[in-house]
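Here is the structure we will look at, set down as structure tokens.
Protein chains: 2
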Amino acid sequence: MHESFNESTEMYLKTIRELSIDNDLIAISALARRLEVSTVSATEMVHRLEEHKLVEHTPYKGVQLTGIGCQHAAEIIRSHRLWERFLADHLNIPWARVHEVACRLEHATDTKLTEALDAFLGHPTRCPHGNPIPQAGGVLKTAVTTTLNTLKPGLTCEIIRIHPESALLLEYLASHDVKPGNQLHIDEIAPFNGPIMVTIGEKPHALGQEIATHIFVTVIGSDA
Amino acid sequence: MHESFNESTEMYLKTIRELSIDNDLIAISALARRLEVSTVSATEMVHRLEEHKLVEHTPYKGVQLTGIGCQHAAEIIRSHRLWERFLADHLNIPWARVHEVACRLEHATDTKLTEALDAFLGHPTRCPHGNPIPQAGGVLKTAVTTTLNTLKPGLTCEIIRIHPESALLLEYLASHDVKPGNQLHIDEIAPFNGPIMVTIGEKPHALGQEIATHIFVTVIGSDA
DNA sequence: GATATTTATAAGGTTTGCCTTATAATACCT
DNA sequence: AGGTATTATAAGGCAAACCTTATAAATATC
Ligand SMILES: [Mn+2]
Ligand SMILES: [Mn+2]
Ligand SMILES: [Mn+2]
Ligand SMILES: [Mn+2]
Numbered sequence: 001m002h003e004s005f006n007e008s009t010e011m012y013l014k015t016i017r018e019l020s021i022d023n024d025l026i027a028i029s030a031l032a033r034r035l036e037v038s039t040v041s042a043t044e045m046v047h048r049l050e051e052h053k054l055v056e057h058t059p060y061k062g063v064q065l066t067g068i069g070c071q072h073a074a075e076i077i078r079s080h081r082l083w084e085r086f087l088a089d090h091l092n093i094p095w096a097r098v099h100e101v102a103c104r105l106e107h108a109t110d111t112k113l114t115e116a117l118d119a120f121l122g123h124p125t126r127c128p129h130g131n132p133i134p135q136a137g138g139v140l141k142t143a144v145t146t147t148l149n150t151l152k153p154g155l156t157c158e159i160i161r162i163h164p165e166s167a168l169l170l171e172y173l174a175s176h177d178v179k180p181g182n183q184l185h186i187d188e189i190a191p192f193n194g195p196i197m198v199t200i201g202e203k204p205h206a207l208g209q210e211i212a213t214h215i216f217v218t219v220i221g222s223d224a
Numbered sequence: 001m002h003e004s005f006n007e008s009t010e011m012y013l014k015t016i017r018e019l020s021i022d023n024d025l026i027a028i029s030a031l032a033r034r035l036e037v038s039t040v041s042a043t044e045m046v047h048r049l050e051e052h053k054l055v056e057h058t059p060y061k062g063v064q065l066t067g068i069g070c071q072h073a074a075e076i077i078r079s080h081r082l083w084e085r086f087l088a089d090h091l092n093i094p095w096a097r098v099h100e101v102a103c104r105l106e107h108a109t110d111t112k113l114t115e116a117l118d119a120f121l122g123h124p125t126r127c128p129h130g131n132p133i134p135q136a137g138g139v140l141k142t143a144v145t146t147t148l149n150t151l152k153p154g155l156t157c158e159i160i161r162i163h164p165e166s167a168l169l170l171e172y173l174a175s176h177d178v179k180p181g182n183q184l185h186i187d188e189i190a191p192f193n194g195p196i197m198v199t200i201g202e203k204p205h206a207l208g209q210e211i212a213t214h215i216f217v218t219v220i221g222s223d224a
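In order, the protein sequences belong to chains A and B. Heads up: the first sequence begins at 1 in this note's numbering, then just goes up one per residue. Heads up: the second sequence begins at 1 in this note's numbering, then just goes up one per residue.
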């Protein structure tokens with residue numbers, strides 16, 4: 001049943017699942033970009049994954065996980081987010097750094113270890129960055145949220161989650177108090193796709209449009 | 001400073017250190033045997049390690065860790081044994097299984113993680129199998145013990161440590177109550193390198209000569 | 001000292017996962 | 001429908017770790 005795949009394979013599966021928000025087809029180019037490999041390499045790898053029945057590839061359309069592929073991806077993400085909780089809550093490793101550490105540990109973790117960790121942690125539901133932890137069966141419950149870049153000035157929001165995560169992004173966000181649970185007020189949006197001026201806990205910050213697409217919030221109030 | 005090496009490199013370093021009890025030269029054949037690779041592969045790898053100044057190889061004599069190599073090996077062993085403690089004490093993973101799980105985690109662990117884990121665990125000194133945990137600086141304190149195969153009938157001992165560890169060995173020992181802390185009485189030794197008949201907690205067990213070389217004990221009494 | 005064993009090296013091969021450059025096929029857009 | 005952009009594939013290469021088979025060199029043993 002639970003065959004273990006190598007790190008590379010697992011990163012592809014995980015990334016495909018993280019990119020497929022609405023179960024749609026993922027362009028190999030998008031995959032290559034996120035994994036920082038050439039499109040040719042990504043194509044080769046997708047073919048290999050296809051042979052192992054982990055993905056389905058429709059040429060010129062994109063890649064999609066199969067049932068097994070999706071299940072395995074969920075297990076890796078589950079293990080990743082549980083490790084993040086452990087690292088942050090019990091080992092006091094900085095919020096911005098747990099992601100990259102967990103990204104290594106996840107590949108050294110089998111199902112038994114994941115479940116033992118889950119029990120130890122008391123079955124948490126979200127990672128330190130607000131993202132939901134898939135259940136043992138692979139089910140993932142994502143809260144209804146909006147990305148910061150779609151909102152208008154005058155709104156007050158609660159930061160819910162950061163997605164997708166990356167070391168540099170989290171480092172930057174940490175230094176600007178952008179963390180789940182914090183309240184954020186949109187003061188102003190500069191023209192020409194300019195920065196979003198916000199206030200988080202009395203302090204003003206300027207956030208770029210691109211970064212704003214990674215910040216998922218819920219609106220909790222308006223100035224008017 | 002703390003460059004990270006790949007899993008293969010780390011396993012070679014770790015194995016060399018574990019085999020060098022008295023700082024002597026390790027035969028490449030011994031290394032190959034324990035790592036379950038051909039001697040040719042081990043030789044190639046030793047050459048690569050030599051280029052990286054991690055080992056010194058004296059042809060027809062053996063391999064030895066350099067200062068850096070030895071330090072890095074200690075870090076891996078430290079991380080391994082700390083993980084074992086965590087897995088056994090906090091996640092309730094069976095005594096015989098923590099070794100193989102830790103052998104994967106150790107390669108996904110950097111110094112910061114190791115030290116955070118050490119602090120979380122309260123700076124333990126031994127792994128669940130009784131082996132000493134190297135200190136952060138690499139210093140390793142090994143208790144004075146004897147291997148079971150060198151002792152005579154009539155003696156009562158305390159089991160101190162199992163070394164070196166392997167999944168199959170630990171599985172076998174667990175099923176025979178051979179664990180650190182348990183008392184063992186040597187009832188009889190069969191001739192022609194036959195099994196050692198022992199009693200552990202009222203129950204009799206027969207242990208082979210080869211297995212006995214992995215069981216380190218201290219004598220605590222004699223029948224006479 | 002001759003022989004057997006151990007150890008080292010040489011030669012050729014495989015797999016995985018990456019790379020670049022170039023070309024072909026398809027999709028998208030006006 | 002035509003042109004541009006995207007996507008796929010072909011071709012050739014590289015490095016790390018493995019493998020086997022064969023030979024050479026050193027060491028150990030009688
Ligand atoms: Mn990862
Ligand atoms: Mn996270
Ligand atoms: Mn290992
Ligand atoms: Mn151990």
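We treat Cβ as the ideally placed atom computed from N, Cα and C, and that holds for glycine.
For residue i, write down the residues that DSSP places opposite it in a beta bridge.
{"i": "B:F216", "result": "B:T147 and B:R161"}
{"i": "A:T39", "result": "DSSP, once it has assigned bridges, lists no residue as partnering A:T39."}
{"i": "B:P134", "result": "None; B:P134 has no bridge partner."}
{"i": "B:I26", "result": "B:V63"}
{"i": "B:L207", "result": "B:I196"}
{"i": "B:E56", "result": "B:Q64"}
{"i": "B:T156", "result": "B:H185 and B:G221"}
{"i": "A:R126", "result": "A:P132"}
Any beta carbon of chain B sitting closer than 7 Å to that of residue i?
{"i": "A:L225", "result": "This structure leaves residue 225 of chain A out entirely; chain A is present only between 1 and 224."}
{"i": "A:R104", "result": "yes"}
{"i": "A:L91", "result": "yes"}
{"i": "A:A108", "result": "yes"}
{"i": "A:V101", "result": "yes"}
With 7 Å set as the bound, which would you pick, yes or no: does the beta-carbon of residue i sit closer than that to a beta-carbon of chain A?
{"i": "B:L184", "result": "no"}
{"i": "B:L113", "result": "yes"}
{"i": "B:A27", "result": "no"}
{"i": "B:A116", "result": "yes"}
{"i": "B:V98", "result": "no"}
{"i": "B:M11", "result": "no"}
So residue i and residue j are supposed to be a Cβ contact under 8 Å. How far apart are they, rounded?
{"i": "B:I159", "j": "B:I215", "result": "6 Å"}
{"i": "B:I186", "j": "B:L151", "result": "6 Å"}
{"i": "B:V46", "j": "B:H57", "result": "5 Å"}
{"i": "B:A96", "j": "B:A174", "result": "4 Å"}
{"i": "A:A32", "j": "A:G62", "result": "That pair is no contact at about 12 Å."}
{"i": "A:I162", "j": "A:A73", "result": "About 19 Å; that fails the 8 Å criterion."}
{"i": "A:I220", "j": "A:T125", "result": "Actually they are not in contact, since the Cβ atoms of A:I220 and A:T125 sit about 20 Å apart, beyond 8 Å."}
{"i": "A:V98", "j": "A:T145", "result": "The pair is not a contact, with the Cβ atoms about 21 Å apart (cut-off 8 Å)."}
{"i": "A:E84", "j": "A:A108", "result": "With 8 Å as the limit, A:E84 and A:A108 do not qualify as a contact, their Cβ atoms being about 15 Å apart."}
{"i": "A:E106", "j": "A:H80", "result": "4 Å"}
{"i": "A:P164", "j": "A:E36", "result": "Not a contact, Cβ separation roughly 13 Å."}
{"i": "A:C70", "j": "A:G138", "result": "7 Å"}
{"i": "B:N4", "j": "B:D110", "result": "Sequence inspection shows Ser at residue 4 of chain B; the Asn mentioned does not correspond to that position. At roughly 7 Å, the Cβ-Cβ gap stays under 8 Å, so B:S4 and B:D110 are in contact."}
{"i": "A:H129", "j": "A:P180", "result": "7 Å"}
{"i": "B:N182", "j": "B:I196", "result": "Incorrect: roughly 15 Å between the Cβ atoms, too far for contact."}
Measuring from each Cβ to the nearest heavy atom of ligand 3, keep the ones under 6 Å and list them in chain order.
B:M11, B:C103, B:E106 and B:H107
Taking any Cβ of chain A, which residues in the segment 120-140 of chain B have a Cβ under 8 Å from it, in chain order?
F120
Got a sec: which bits of the segment 29-48 of chain B sit with their beta carbon under 9 Å from any beta carbon on chain A, in order along the chain?
none
Going along the chain, which residues of the segment 164-177 of chain A sit with their C-beta nearer than 8 Å to a C-beta in chain B?
Look at the segment 164-177 of chain A: it has no residue with a C-beta under 8 Å from a C-beta of chain B.
Interface residues of the segment 188-205 of chain B facing chain A [CB-CB below 9 Å]:
none
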